[in-house]
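Asker: Numbering (this note's numbering), first residue to last: 118 to 281.
Encoded as structure tokens, here's the structure I'll be asking about.
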């Protein structure tokens with residue numbers, strides 16, 4: 118069961134990371150397009166700035182699960198290093214439960230915010246609802262759940278290992 122979940126978690130985290138990379142590529146491409154249009158052709162495209170902003174928001178929320186999976190969660194490094202192995206496991210559970218509680222709040226209120234914002238339109242893209250921009254919070258939060266549980270089942274501690 119553990120191996121099946123970790124395989125599923127690897128897939129979900131990889132999908133989220135691919136989405137984050139795609140959003141970064143989109144933001145970069147739109148930024149170059151915006152520079153070309155504004156400074157070379159002197160015909161600014163207002164819609165690019167809005168899409169850059171929202172692609173960066175999506176990028177962040179889709180990349181967070183990979184950070185959780187690598188152990189880059191909020192933790193007390195000194196306390197973890199000074200603790201015995203049994204206490205370290207307790208700290209793992211406390212940190213994971215706190216992170217899951219926070220992600221639960223983000224999912225709950227992110228969905229509510231998305232639904233409420235669905236009646237608004239994006240400035241510069243009046244035909245697109247703000248629902249799609251705000252949806253990054255609950256979608257990223259759902260991916261985070263798998264990363265947090267995956268790190269609890271199979272801790273990587275990459276952040277702690279490379280700390281100086």
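Just so it is clear, CB atoms sit at the ideal spot from N, CA and C, and this is done for glycine as well.
Taking the alpha carbon of residue 151 as the reference point, which residue from 167, 222, 216, 179 has its own alpha carbon closest?
Answerer: Closest by alpha carbon: 167.
Asker: Does the separation of the CB atoms of residue 247 and residue 257 fall below 8 Å?
Answerer: No; because the gap between Cβ atoms is not below 8 Å, this pair is not in contact.
Asker: Rounded to whole angstroms, how far is the Cβ of residue 262 from the Cβ of residue 217, which I believe are closer than 8 Å?
Answerer: Going by Cβ atoms, the distance from residue 262 to residue 217 rounds to 7 Å, so yes, they are a contact pair.
Asker: How should residue 199 be labelled, buried or exposed, when 16 other C-beta atoms within 10 angstroms of its C-beta is the threshold for buried?
Answerer: Answer is exposed; the Cβ neighbour count stays below 16.
Asker: Indicate the three-state DSSP secondary structure (helix, strand or coil) for residue 236 in the structure shown.
Answerer: Coil, per DSSP.
Asker: Alpha carbons only, please: which of 255, 232, 244, 269 is nearest the one belonging to residue 208?
Answerer: Taking only the C-alpha atoms, the option nearest residue 208 is 269.
Asker: Given a cut-off of 8 Å on the beta-carbon distance, is the pair residue 169 and residue 144 in contact?
Answerer: In this structure, residue 144 lies closer than 8 Å to residue 169 by Cβ.
Asker: Pull up the CB-CB distance for residue 255 and residue 188, whole angstroms please, since I reckon it's below 8 Å.
Answerer: No, residue 255 and residue 188 are not in contact; Cβ-Cβ is about 24 Å, not under 8 Å.
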